[in-house]
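Just so you know, the sequence shown maps onto residues 14 to 594 in the numbering used here.
By construction, the Cβ of each residue, glycine as well, lies at the ideal position given by its N, Cα and C atoms.
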Amino acid sequence: MYQKFDVIIIGAGGAGLMAAMQLPNASVAVLTKVYPTRSHTGAAQGGVAAALGNQEEDHWKWHMYDTVKGGDYLVDQPAAEILARDAIDAVYELEHRGLPFNRTPDGRIDQRRFGGHTRNFGEGPVRRSCYAADRTGHMILQTMYQSSIKNQVRFFNEFLVLDLIFNEGRACGVVAMEIRSGEIHTFHAKAVMFATGGYGRAWRVTSNAFACMGDGMSIAYRRGIPLQDMEMYQFHPTGIYKVGVLLSEAARGEGGKLLNDKGEYFMERYMPTLKDLAPRDIVSRCIVQEVNEGRGIDGKDYVYLDVRHLGAKAIAEKLPDITDFARNYLGVEPITEPVPIQPTAHYAMGGIPTDLDGRVVIDPQWTPMPGFYAAGEVACVSVHGANRLGTNSLVDLIVFGRRAGKDMARFIAANDHAPLPENPEAYSRDMLDRLLDKGKSSGGESAARIRSTLQNEMNDKVFVEREEKGMLSALDTLDGLQDAYKKIQLQDKGKRFNTELVEAIELGFLLDCAEATIHGAIARKESRGAHYRLDYTKRDDTNWLKHTLAYKGEKAHDVRLDYKDVVLVDDPIFKPKERKY
């Protein structure tokens, strides 16, 4: 089936819908694997950072400083400036569209503390996170979806994108499978935007939804677009033990503390200034160190998150969802008991490289691919560098989703549709035929076994702490899994709602993302932010103050790495220095 629009947006989370809201006069299609309000943005709990100064003095430049420093100086500093400056207007735009933020007694947007956000260039914590209880992402999705419906955006729910179409040097559409019928659809557009989220399901313990399988990253990677800084993957310190579901940093923002087996609030020992509100990479490593030194609870690989001292009223009003998670998943009552937590795979700082307007760039010279845009977790602008600060994910979505939408409006006004290439569905149909075993596969392999092996390897060897021996072993395993993937045998040969087929396609996406991640991590011989190597424990600005670009090779297991410089501003306050708190 053939469909034609001005703009096609893949993904109905915060970035995709924020972009759609900027295109009221264009024909816009949004393709999404899940119903829009079930997009993973809805899992964001704690808030959205903006230097409104509603609770205490704050400035955008302080926010920019925290973002650059928190990202361990791998951040492109002009992007951090735009993030901090534009966050204020973007938050007010959401307020004016109806987002029900928590309020101060005089009616302004309420704000609370969050990890890594400080006043006066690191002097102490600041209240910068604008929030709606602990369900901020859910509220953002509901508000944006209503605005998109008002703007006559056309939604194609439960469509799985399989390929990106290029012709005449431009992106001109996508090929997608309707999950309900199994039918292939070609979508033709002047501009295409990927807002497909991350790939946390590559790890065994993750906060990510089952839909976070690296779709957009992999599809671009297969078409010759590099993936940037994929070795920079964040592990959130407070995932529910064994389950991985997130207990938001909002709990520590409200005063929750981390507790070891000896009953010590141990972050005071590691980070005397920011304590439990230090950046996430630091807190995760501190938890791992406590466990490795025998101070995990009952000698196991977890510690406690303690909010008992906050009182039942504050917990019920400000942390209702995350405390319900503890009750439902662990049978623990947070009002009277500490909650078992451990680091969980949470967020990709890397992704498809873009410029400041969301345009995808394809080389170290910042050459844009006309008509192709990306924003949100699938993209790397690079505003998070080596470690994203809490609440900067939602800011990233609304600021750069907004900028991408506005630039697409400019682009489609100046350009007609590029013609589709001959037989644009050929690659996708061949992939489906191979997976459904129509004479093109020897069969016999289990997608579930391959996925489980991948997740275990990533959790054991490409986690909070890494070293070359373990990552080389993980790469050997991955090479074998990629070979095995070519021999997958599906039990369900049907078309309608073939979830086994969907999961097999997504597994291919995960394998691609893991490949770029491991290759980049082995090559980066330093520790920086979330990339902490036991065999190279120091940050090396002389050799590694640069972004990794991973290109998929023509042969199996072949990855080519290239690099580009981090973009700095001419201001001594942002000059790379030791990251102390």
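Asked	Found
Cβ neighbour criterion (16 or more within 10 Å) applied to Y15	exposed
The region 249 to 257 / the region 219 to 226 touching (three or more Cβ pairs under 8 Å)	yes
Length-filtered (4 minimum) alpha helix (DSSP H) runs lying within the region 274 to 340	280 to 283, 293 to 305, 325 to 331
Secondary structure of Q90, DSSP reduced to three states	helix
Span of the alpha helix (DSSP H), counted from its first residue to its last, around D409	405 to 427
Candidates V477, E516, A527, L514: closest to G493 by CA position	A527
The region 457 to 469 / the region 419 to 434 touching (three or more Cβ pairs under 8 Å)	no
Same chain, Cβ closer than 6 Å to H560, neighbours up to 5 away in sequence not counted	Q241, D242, K577
Cβ contact check for the region 581 to 589 and the region 336 to 355: 3 or more pairs under 8 Å	no
Alpha-carbon spacing of C185 relative to I22, whole angstroms	12 Å
Distance between S194 and M34 (C-alpha atoms, nearest Å)	29 Å
Residue burial classification, R298 (beta-carbon count within 10 angstroms, cutoff 16)	buried
Helix, strand or coil at P377 [DSSP, three-state]	coil
Beta-ladder partner(s) of D575, from DSSP	L562
Validate contact between the region 117 to 133 and the region 61 to 79 using beta carbons, cut 8 Å, 3 pairs	yes
First through last residue of the beta strand (DSSP E) which encompasses K82	Counting along the chain, K82 falls outside any beta strand (DSSP E), though it belongs to the alpha helix (DSSP H) covering 73 to 83.
For M206, the first and last residue of its enclosing beta strand (DSSP E)	197 to 207
Assigned secondary structure, M190 (DSSP; H/G/I helix, E/B strand, else coil)	strand
Backbone CA spacing between K500 and R592 [nearest angstrom]	47 Å
Buried versus exposed call for T512 [16 or more other C-beta atoms within 10 Å across all chains shown]	exposed
Where the beta strand (DSSP E) through I178 begins and ends	172 to 180
Nonlocal neighbours in the same chain, by C-beta distance under 6 Å from E281, ignoring five residues either side	K288
Segment contact flag, the region 432 to 441 with the region 173 to 193, C-beta cutoff 8 Å, min 3 pairs	yes
Beta-carbon proximity list for F207, same chain, < 6 Å, skipping 5 on both sides	I23, G229, A387, V391
Chain-order list of residues whose beta-carbon lies under 7 Å from that of F134 (same chain, five-residue window excluded)	W75, Y78, I586
8 Å CB neighbourhood of K275 in its chain, flanking five on each side removed	R308
Sub-9 Å separation of L343 and A264 beta-carbons	no
Cα-Cα separation between S142 and P113, rounded to whole angstroms	14 Å
Close Cβ partners of A422 (< 7 Å) along its chain, the five nearest in sequence each way excluded	Q35, L36, A39
Beta-bridge pairing of I22 - partner residues as DSSP gives them	V43, M206
For I122, three-class secondary structure by DSSP	strand
Rounded separation between I153 and L107 - CA only	8 Å
C225, enclosing alpha helix (DSSP H) - first and last residue	Neither: C225 is in no alpha helix (DSSP H) and is coded neither H nor E.
Residues near V515 in its chain [Cβ-Cβ closer than 7 Å; skip 5 each side]	L173, I192
Beta strand (DSSP E) segment containing I55, residue limits	Sequence inspection shows Gly at residue 55; the Ile mentioned does not correspond to that position. That residue, G55, is in no beta strand (DSSP E); it is neither H nor E in DSSP.
Reference Y105; option with closest CA among I411, P118, R401, I232	I411
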